[in-house]
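Comments concern the structure below.
Chains as they are written, first to last, in this note's numbering: chain G, 1 to 375; chain L, 1 to 375.
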């Protein structure tokens, strides 16, 4: 391969420096940044590719299926998914996972209506549109949870159509968890026999397994499929995720694809074979105990942030078991300086493992107008 | 971060060795393996993420949008896409690109019918199903091109529905290029005023720009959108791709998503920010002249393979400007040993830049039954 021209190398070097600088102000997004995976470097010399079903046998043998299967097994265990009744694969991120879950739901209930709250991630509207599915957006509560009464009334009006619930296990802005017990009771109460629950658990799907008293969130709480990000709590230099679904749902799609001659159970064909190594390594390094301890530190830091805001008379809060600290929208310079995603009159910082007290102190001081720092 | 346990490090080391061994027999898939991108390593320590539209301004500033835009510009130039009339982004691979093109087409023509030949990549049936679109599979010719008469007759029967053509610019098995001039003349001949052509140019989209006399393949040949892989001819340790589409088509989708409060023009939300650096580096290293020379060597190697097969009385062939060498399906041991994807009674080797004469000689000898080698 020809060498990288000097000017190009200089640009990449500058880009690296820019990322290092920016990493000091990375408090607004739910992505961990306390990682280092030198063990992946030797694999970057090969055209590795996890094309197709990780539980199949691929002719394309330059793959990391074996590690991917172990990652799926770890997620099955901690999302309380019975291994023999569920199946999963590693996605390019949360969007592919949510598309997969909703795709299965739409295939099972072609006449179904997808319900999701207004606090659902902005990609939901796009996915519903890609699928060409019927959908109704439900009012959200101020705390970020879905408005259960609005959900109940809306489903009641459309009792002829199977409800497909896109539940949030950690909303984007509030870190709120839709109550799966309430939702299932509601469906039972209306004698609805055909339904589907997909959980968007991008962030909280890897938080709730590590707390003592989690809200209902996994397969034991009745979800049919669940999508979790890998680059959020665990941390990865590139987006990735895991989607799990009931095996009986996946078989339905897989069967019909067999008809055209192959078992093509994933949305993407060619799939990243490096990210399974990253998540596998992280699991090996941390283990469940390490993740639990790590989550404890994140919760402590979230409480530290709330107290720091309070000392300046700024009301900040978080949901139980959430590390998303919601506070009133600060002025634009704070948003820009600290890569904070606002929504209407609120904003949040998320105390991912790399977020320090010093970073929080600086954000709070700037928000309180004590400094005009330009990091 | 806790250290990688010794047993885990040993497994990864074994995996690396396994990949090195397998790379000696990697002749069946269209992925280059002659790359090395050490320049990406410093970026692997950050939670970089190209979330959203690369031409927008993101609050998430740990991104590589600037390089992604230059990659898109390079593809625009060589796929003959006028920069001011087209738009593009980097995908997780060919499937996302094809989904994107067909999604735009279905949005523009909700009553349209998607036509694709039986030689189209197996993912087409899945994508059509995800989109919930009407589709008809068209007969293929033995050489891999679509059967133009069957296409014409089928469209004629459904003249009330706008045709959405999924054209192959390089079929998976034969490397065949559907004739865009013929297809467009057919539509004109039938006085069809509403139509859409999406080109799946996964491999050949980065081959045809480098030959002297390419088949029609780009926007100058009338495509509305085109998907090309980045990990195929250019080469990358993880799948990636570029999709380009007419700006007027994208605006339609973007507008409607603005309604829910954001410009969300890509299918995936969070997107890999490392792969843009990889393609950008490769472009800097090779340049158009380098790619042209590289393609010349691949074509020579394809002809070498055809001659080598011929010396053993085995009929092998390739399409003009294709490096996919088609030959009769060999016995299973050859398929397994050389990671060769068969289809019915044919198979292929693809003379990607890393494929050597020695590798070809060995495949040919094994196919001819001269050896029983187990690599």
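For each residue, glycine too, the CB sits at the ideal point set by N, CA and C.
Chain G contact for residue i (CB, 9 Å cutoff)
i, result
"residue 139(L)", "no"
"residue 62(L)", "yes"
"residue 142(L)", "no"
"residue 67(L)", "yes"
"residue 130(L)", "yes"
"residue 35(L)", "yes"
"residue 76(L)", "no"
"residue 49(L)", "yes"
Environment of residue i [buried if 16+ CB atoms lie within 10 Å]
i, result
"residue 157(L)", "exposed"
"residue 285(L)", "buried"
"residue 38(G)", "exposed"
"residue 339(L)", "buried"
"residue 312(L)", "exposed"
"residue 264(G)", "buried"
"residue 370(L)", "exposed"
"residue 293(G)", "exposed"
"residue 224(G)", "buried"
"residue 344(G)", "exposed"
"residue 259(G)", "Confidence is the limiting factor: at residue 259(G) the pLDDT is only 45, short of 50, which leaves the residue's position unreliable, though a coordinate-based value still follows. Residue 259(G) is exposed by the Cβ-count criterion."
Local conformation of residue i per DSSP, three classes
i, result
"residue 333(G)", "helix"
"residue 325(L)", "strand"
"residue 409(G)", "Since the first residue shown for chain G is 1 and the last is 375, residue 409(G) is missing from the structure and cannot be characterised."
"residue 338(L)", "coil"
"residue 249(G)", "helix"
"residue 106(L)", "helix"
"residue 166(G)", "strand"
"residue 366(G)", "helix"
"residue 69(L)", "helix"
"residue 193(L)", "coil"
"residue 289(L)", "helix"
"residue 183(L)", "helix"
"residue 137(L)", "strand"
Residue-chain proximity (residue i, chain L), Cβ-Cβ < 9 Å
i, result
"residue 1(G)", "yes"
"residue 165(G)", "no"
"residue 95(G)", "yes"
"residue 45(G)", "yes"
"residue 320(G)", "no"
"residue 298(G)", "no"
"residue 146(G)", "no"
Whether residue i touches residue j by CB criterion (9 Å)
i, j, result
"residue 152(G)", "residue 173(G)", "no"
"residue 271(G)", "residue 50(G)", "yes"
"residue 177(G)", "residue 217(G)", "yes"
"residue 274(L)", "residue 30(G)", "no"
"residue 199(G)", "residue 100(G)", "no"
"residue 215(G)", "residue 166(G)", "no"
"residue 323(L)", "residue 350(L)", "yes"
"residue 276(L)", "residue 90(L)", "yes"
"residue 26(G)", "residue 57(L)", "no"
"residue 42(L)", "residue 12(G)", "yes"
"residue 301(L)", "residue 355(L)", "yes"
"residue 105(G)", "residue 249(G)", "yes"
"residue 147(L)", "residue 155(L)", "no"
"residue 108(G)", "residue 163(G)", "no"
"residue 116(L)", "residue 135(L)", "yes"
"residue 132(L)", "residue 161(G)", "no"
Between the CA atoms of residue j and residue i - distance to the nearest angstrom
i, j, result
"residue 280(G)", "residue 70(G)", "7 Å"
"residue 195(G)", "residue 298(G)", "36 Å"
"residue 240(L)", "residue 315(G)", "44 Å"
"residue 221(G)", "residue 235(G)", "26 Å"
"residue 118(L)", "residue 140(L)", "6 Å"
"residue 88(G)", "residue 245(G)", "6 Å"
"residue 261(L)", "residue 334(G)", "Reliability of the predicted coordinates at residue 261(L) is poor, the pLDDT of 42 falling under 50, and the value obtained from them is presented with this limitation in mind. Computed Cα separation, rounded: 21 Å."
"residue 376(L)", "residue 171(G)", "The requested residue 376(L) is not part of the displayed model; chain L covers only 1 to 375."
"residue 375(L)", "residue 168(L)", "Bear in mind that a pLDDT of 49 at residue 375(L), under 50, signals an unreliable position, so the number given afterwards is only what the model happens to contain. Each residue's Cα considered, the two are about 34 Å apart."
"residue 211(G)", "residue 46(L)", "27 Å"
"residue 352(L)", "residue 205(L)", "14 Å"
"residue 325(L)", "residue 291(G)", "50 Å"
"residue 288(G)", "residue 82(L)", "52 Å"
"residue 383(G)", "residue 253(L)", "Residue coverage of chain G in this structure runs from 1 to 375, which leaves residue 383(G) outside it and unanswerable."
"residue 126(G)", "residue 54(L)", "18 Å"
"residue 327(G)", "residue 17(G)", "31 Å"
"residue 175(G)", "residue 193(L)", "49 Å"
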